[in-house]
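Written out below as C-alpha cells is the structure these notes cover.
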Amino acid sequence: MSQAIEYKYHPSNLNESAPNVYTEKNLKTEEMVLNIGPQHPSTHGVLRLEVVTDGEIVVDVVPHLGYLHRCFEKHTESVSFIGGIPFVDRMDYVAAMNSEHAWVMGVEKMLGIENDIPKRVEYIRVLVAELNRIASHFVAIGTYGLDIGAFTPFLWLMRDREHILRMLEWVSGARMLYNYIWVGGLFYDLPVGFEEKCLEFVNYLKPKLAELDNVLIGNKIFVERTANIGVLSRDLAINYGVTGPILRGSGLKYDLRKVDGYSVYPELDFEVPIGTGKMGTTGDCWDRTWVRVEEVKQSVKIIEQCLEKLTGDYKRTRDFDPRSAVPKKVRPKAQDFYTRSENPKGELGFFFRTDGRSDVPVRCKARGCSFSNLSVLADISRGHMIADLIAIIGSLDFVMGEVDR
Amino acid sequence: MDIQGFKELIEEKLGDESVLGVVENSTPATLEVRTEKILEVLDFLHSSDQAYFDMLSCITAIDNGPEVNSMEVIYTLYSIPLEHSLMLKVTLDRENPEVESATQIWKTANWHEREAYDLFGIKFLNHPDLRRILMPADWEGYPLRKDYVEPQEYRGMKTIREEEDRI
Chain R
1 MSQAIEYKYH
11 PSNLNESAPN
21 VYTEKNLKTE
31 EMVLNIGPQH
41 PSTHGVLRLE
51 VVTDGEIVVD
61 VVPHLGYLHR
71 CFEKHTESVS
81 FIGGIPFVDR
91 MDYVAAMNSE
101 HAWVMGVEKM
111 LGIENDIPKR
121 VEYIRVLVAE
131 LNRIASHFVA
141 IGTYGLDIGA
151 FTPFLWLMRD
161 REHILRMLEW
171 VSGARMLYNY
181 IWVGGLFYDL
191 PVGFEEKCLE
201 FVNYLKPKLA
211 ELDNVLIGNK
221 IFVERTANIG
231 VLSRDLAINY
241 GVTGPILRGS
251 GLKYDLRKVD
261 GYSVYPELDF
271 EVPIGTGKMG
281 TTGDCWDRTW
291 VRVEEVKQSV
301 KIIEQCLEKL
311 TGDYKRTRDF
321 DPRSAVPKKV
331 RPKAQDFYTR
341 SENPKGELGF
351 FFRTDGRSDV
361 PVRCKARGCS
371 FSNLSVLADI
381 SRGHMIADLI
391 AIIGSLDFVM
401 GEVDR
Chain A
1001 MDIQGFKELI
1011 EEKLGDESVL
1021 GVVENSTPAT
1031 LEVRTEKILE
1041 VLDFLHSSDQ
1051 AYFDMLSCIT
1061 AIDNGPEVNS
1071 MEVIYTLYSI
1081 PLEHSLMLKV
1091 TLDRENPEVE
1101 SATQIWKTAN
1111 WHEREAYDLF
1121 GIKFLNHPDL
1131 RRILMPADWE
1141 GYPLRKDYVE
1151 PQEYRGMKTI
1161 REEEDRI
C-alpha cells in the first residue's frame, strides 16, 4: 500500500459511532459503567461490553458488536455460490470445515443433487468436519481455562489442536481456512496415508482426553469457579434461540445431526451428551464445558467409524474421482430455501433466495449460531460478580467472526 | 402438519383475511401473512398446542429493489418437540417499512430485528431497543438496500480504494 490510512480524530468520535446506552441520565448514584473490550483477551475477539456495576455486582451488560463486520451478506450478492465458500470459511474461522459443509449441503439440496454424492465423499466430509469440531471445542475449552486462571490445559489443548490443523493442512493445503468441501464433491481425495495417520492420532488423543478430565473438568478450583454460575434455564435458552452445546448443557437433547440426520450421520453411532447439573445446577457454566468435553469424545468415536468405512467399504480406489458429481454450473431454480446444520457452536443456518437466472443468490442471510448464543449474555450475567462475568463469557464460546459476519 | 393444515389452523382462529396465500417453491413451506396481522399470527403459532413453534430460527429481511418497491420480512420457525418448521412472509412498503416487533414472543427477535433495522432500515414497532447493531451508530444509509451507494469516506478514512492502492 502506498499510503497510510487517514483518520480525522476528534474526542467525540467514539461517543457518536458507538454511544453508551448508560449515561449520567439513567444511572443510579451507586452504579458505575465499566467498559470491557473491544481489545481484551477475555472477550474472545473484538467484543465490547458496557458493564453497569454496583460495587462488584453486575447490574446490566450491553454488548456492542460490529467491530469485525465484513459485510458477508453484501458480498454474497456479488459472488457465485461456489465463490461464496471461502467467505463462509471466514465466518467461524475456528470451525471452517463445518461452516462450508453447511453451505455446500444447502446449495446441493437446492440443486437437487444431494443424493448423487458418492458415499466416500460424504464420509470424508464428516471425517474432516468432526476433526474440525474437536479443534473448535479445544479452543473453547482451552481458552476458557485460561480465562479463569488455568494455564496448563490451554497449552495441552493447543498442542493437540495443532496436530489436527496439520492434518487438515495436509488434506486441503490450508491451516484454518480450507475451501476443501466443494459443491458436489471435494477439492481432492484424502492424501495417501492419511487414514493411518488419523487413526494414529485418535489413539494418541484418547488418553489425553482422560488427562483433560483430571486436570480441568474435575479440578476443584475449576468446579468452584464454574458450578452454579450463569445458570441458563432450558425455556430461556429456547426463547433466545440458543443452540449447540449451550442448549444441551441446559438439559435438552437437541442435536441437528440426530434431529435432521443429514449427510451420513444416521449411519453412525454416537451419543448426544446433555447437562444434568452434576456439580451444581443444570445449565451452569460447568455443564456447558462438560458437554463440550463429552462431545469431543463422541467425535472421536465418529472419526473411528468413518476411518473404518474409508478403509473398508468405501476404500480408496485408483479411479475414484471426488469431483465426479461437481455440477458444470450451479444455477438453482427460483426458490426460497432455509438450510441448517450442527456446527460446533450450534445451529448454523443459511437463508437463500435465488432467481433461477444466475449462479448468484439474490439474497443470502446467515443465521450465525454465535450471534444468537451471545444475545443471552445479559440475561444470565445479571447479579453475578465481575469475575463470574468473565467465566460466563468464556462458557458461551462465541467467535466474533460469526457474530459480526 | 402440512402447509394447508397450518393455513386452516390460522384461518380458523384469526379469520380468513389473515393469511394471503401459500408461497410457491419454498423450503420449508411459506405462508404469506397480512402485515397488520403478523404479531397475532406469530403469537398464536407460538402458543397453540398443534403448532407449538417454540423456536424462532431466523428473521430475514429482503429488499426487492426500487422497481418492485417492496420489502419482505421472513420468519423461520421451528418446533423442537413436534419437529416441524414453517416460514412466514410479510410484504412491506419500501418507502416506509414498518412491522410489529416479535421480541415480546421470542427474545431471539431482538437482535435479528436490530440487524434488519441496521442493514435495511425496517422499523420494528414496539421494539424495546431499536439501535444499529453491526454498523456504527452514525453511519448513513442502509447497506443491504439494492439502491445503496457507499459513502466515499467515513471520518476521513476512504472507504473505496484507488486502483493503484489495491494490494
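Residue numbers (our numbering), protein chains in the order written: chain R, 1 to 405; chain A, 1001 to 1167. No residue lacks a Cβ here, since even glycine has one placed at the ideal position from N, Cα and C.
- Classified as buried, glycine 84 of chain R has 16 or more neighbouring CB atoms from the shown chains inside 10 Å of its CB.
- In the structure shown, tryptophan 182 of chain R adopts extended strand secondary structure according to DSSP, grouped into three states.
- Under the 10 Å beta carbon count, glycine 145 of chain R is surrounded by 16 or more other beta carbons and is classified as buried.
- Put simply, the CB of leucine 27 of chain R is far from chain A, with every gap to its CB atoms at 9 Å or more.
- Counting other Cβ atoms within 10 Å of its Cβ, isoleucine 1160 of chain A stays below 16 and is therefore classed as exposed.
- Put simply, the CB of glutamine 39 of chain R is far from chain A, with every gap to its CB atoms at 9 Å or more.
- Separation of tryptophan 182 of chain R and tyrosine 265 of chain R (C-alpha to C-alpha, rounded to the nearest whole angstrom) is 19 Å.
- At a cut-off of 9 Å, the C-beta of glycine 45 of chain R has no neighbouring C-beta in chain A.
- For alanine 1137 of chain A, the residues of chain R that pass the 8 Å Cβ criterion are Glu16, Ser17, Ala18 and Pro19, in the order they occur in the chain.
- Within 10 angstroms of the beta-carbon of leucine 396 of chain R lie 16 or more other beta-carbons, which makes it buried.
- Around the beta-carbon of proline 63 of chain R, 16 or more other beta-carbon atoms lie within 10 Å, marking it buried.
- For isoleucine 238 of chain R, the chain A residues whose C-beta falls within less than 7 Å of its own C-beta are Asp1054, Met1055 and Ile1080, listed in chain order.
- Within chain A, the residues whose beta carbon sits less than 8 Å from that of tyrosine 7 of chain R are Arg1155, Gly1156 and Met1157, listed in sequence order.
- Put simply, the CB of histidine 75 of chain R is far from chain A, with every gap to its CB atoms at 9 Å or more.
- Taken through DSSP and simplified to helix, strand or coil, threonine 1159 of chain A comes out as coil.
- Residue pairing by DSSP puts proline 63 of chain R in a beta bridge opposite R:Leu49.
- Between threonine 1027 of chain A and isoleucine 1059 of chain A, the C-beta spacing is not below 9 Å.
- When C-beta atoms of the segment 96-103 of chain R are compared with those of the segment 324-342 of chain R, three or more pairs fall below 8 Å, so the two segments count as touching.
- Interface flag for glutamine 335 of chain R against chain A is set, since a Cβ pair is found closer than 9 Å.
- Look at asparagine 1110 of chain A: its C-beta is under 9 Å from a C-beta on chain R.
- Taking the C-beta atoms as reference points, tryptophan 1106 of chain A is found nearer than 9 Å to methionine 1055 of chain A.
- Arginine 367 of chain R is bridged by DSSP to R:Gly349.
- The continuous alpha helix (DSSP H) containing serine 299 of chain R extends over residues 285-311.
- Per DSSP, the unbroken beta strand (DSSP E) holding arginine 340 of chain R starts and ends at 335-343.
- Sequence-distant Cβ neighbours of serine 381 of chain R in its own chain, meaning closer than 6 Å and more than five residues away, are Val58, Val61, Leu389 and Ile392.
- Of the candidates R:Ile229, R:Lys220, R:Gly244 and R:Leu252, R:Leu252 places its Cα closest to the Cα of aspartate 235 of chain R.
- Neighbours of aspartate 404 of chain R in chain A, taken as residues at a C-beta separation under 8 Å, are given in chain order as Leu1134.
- Residues of chain R with a Cβ closer than 7 Å to the Cβ of valine 1033 of chain A do not exist; the shortest Cβ-Cβ separation is about 15 Å.
- In the structure shown, phenylalanine 1124 of chain A adopts extended strand secondary structure according to DSSP, grouped into three states.
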